[in-house]
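Reviewing the structure listed below.
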Amino acid sequence: MSKHDWHERIGEALWAHRTTVRTPTSYALVYGVEAVLPLEQQIPSLRIAIQEGLIEEENAQIRLEELEALDEKILEAQQRLDCYQARLSGAFNKKVRLHSFLSWRFSSCSEETYNHNA
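In numbering that gives the first Met the number 0, the protein residues as written are 0 to 117.
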């Protein structure tokens, strides 16, 4: 594909983009933290009050727990990705037919014919 024939392939690219199944990535997985509404910053909620009232040791412990939870989220995301790829390959391979090819010895020309022609 060159830069001069993009107009011939734009239809295929748009069709592929429109028909691809997409699943969202969670906010916490992308940004590493849970979403906090701006309203919660102005009007303190229980979650914000708890976060601000923690001491250093508790904060470090919570961060370690969040890192462990993040590992679990990454593992879950990988499992979802594997399932998605399996569904995609299943849909793609649905129309694939298995062809088995015979060895040249068992084909219509025999070994003797092959040796005489050589």
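Glycine residues also receive a C-beta, built at the ideal position from the N, C-alpha and C atoms.
Here the structure is a predicted model, which is why all the values come from computation and not from measurement.
{"Check": "Residue span of the alpha helix (DSSP H) that contains Thr18, given as start and end", "Outcome": "5-18"}
{"Check": "Within 9 angstroms, strictly: CB atoms of Val20 and Arg86", "Outcome": "yes"}
{"Check": "Three-state class that DSSP yields for Ser99 in the structure shown", "Outcome": "coil"}
{"Check": "C-beta contact flag for Lys72 and Leu28 at 9 angstroms", "Outcome": "yes"}
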